[in-house]
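Asks: Below: one structure in C-alpha cells.
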Amino acid sequence: MTKIQPLADRVLIRPVAAETTTKSGIIIPDNAKEKPLRGEVIAVGCGTKDEQMVLKEGNNVLYGKYAGTELEIDGEKLLIMKQADVLAVIQ
Numbered sequence: 305m306t307k308i309q310p311l312a313d314r315v316l317i318r319p320v321a322a323e324t325t326t327k328s329g330i331i332i333p334d335n336a337k338e339k340p341l342r343g344e345v346i347a348v349g350c351g352t353k354d355e356q357m358v359l360k361e362g363n364n365v366l367y368g369k370y371a372g373t374e375l376e377i378d379g380e381k382l383l384i385m386k387q388a389d390v391l392a393v394i395q
C-alpha cells in the first residue's frame, strides 16, 4: 500500500461501509445511501503550533457529512480532513 502521511492538523480516515439494509430487512439502493459519517483514523499529522493533535491512529470517529476530501489510493476510498472537522471520538 502507498504510505500517506498527513501534514499539520490533518487526518486520514477510512470510512466505515454504509448499511445496505434497514432493521426491518428493506434493501437500500445505492443511489439512496448516504455518505458514511463514521470512520477509522489510519494516519495523523503532527499538529500545528496553535492546535495540538489529539486524534490517534486507530480512533473510531464521527465527522460532518461534507467534511474532507475523497482520495482513492490502491483502490481504497479514503478521506483526508482537518482535525477540526472531526465531531467526536467513539469510545
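In our numbering, the protein residues as written are 305 to 395. Built from N, CA and C at the ideal position, the CB exists for glycine as well. From a predicted model like this one, the values you see are computed outputs, not experimental measurements.
Give every residue of the same chain whose Cβ lies closer than 7 Å to the Cβ of residue 368, excluding the five residues on either side of it in the sequence, and list them in chain order.
Replies: For the purposes of this step, residue 368 is taken as residue 64 along the sequence shown, with counting starting at 1. Taken in chain order, the residues that qualify are 389, 391.
Asks: Quick check on the burial criterion: 16 or more other C-beta atoms within 10 angstroms. Buried or exposed for residue 317?
Replies: Your numbering for residue 317 matches position 13 in the sequence shown. Counting Cβ neighbours within 10 Å, residue 317 comes out buried, since at least 16 surround it.
Asks: Quick one: grab the DSSP three-state call for residue 312.
Replies: Along the sequence shown, one-based indexing puts residue 312 at 8. Residue 312: coil per DSSP, three-state reduction.
Asks: DSSP on residue 371, reduced to helix/strand/coil?
Replies: Looking up residue 371 in the sequence shown gives position 67. Correct three-state label for residue 371: coil.
Asks: Have a look at 321, 378, 374, 395 and flag the residue whose alpha-carbon is nearest the alpha-carbon of residue 386.
Replies: To locate residue 386, count along the sequence shown from 1; it is residue 82. Of the listed residues, the one whose Cα sits closest to residue 386 is 374.
Asks: The beta strand (DSSP E) with residue 381 in it runs from where to where?
Replies: Here residue 381 is taken as the residue at index 77 of the sequence shown, counted from 1. Per DSSP, residue 381 belongs to the beta strand (DSSP E) from 380-386.
Asks: How many whole angstroms separate the CB atoms of residue 394 and residue 365, which I take to be in contact at a CB cut-off of 8 Å?
Replies: Working through the sequence shown from its first residue, we reach residue 394 at position 90. Working through the sequence shown from its first residue, we reach residue 365 at position 61. The pair is a contact, with the Cβ atoms about 7 Å apart (cut-off 8 Å).
Asks: In its own chain, which residues sit with a C-beta less than 7 Å from the C-beta of residue 309, not counting the 5 before and 5 after it?
Replies: As a working note, residue 309 is residue 5 in the sequence shown. Cβ within range, chain order: 347.
Asks: Closer than 8 Å by C-beta to residue 360: which residues in its own chain qualify, once you throw out the five before and the five after it? Chain order, please.
Replies: Taking the sequence shown and counting its residues from 1, the one referred to as residue 360 is at position 56. Same-chain partners within the cutoff: 345, 348.
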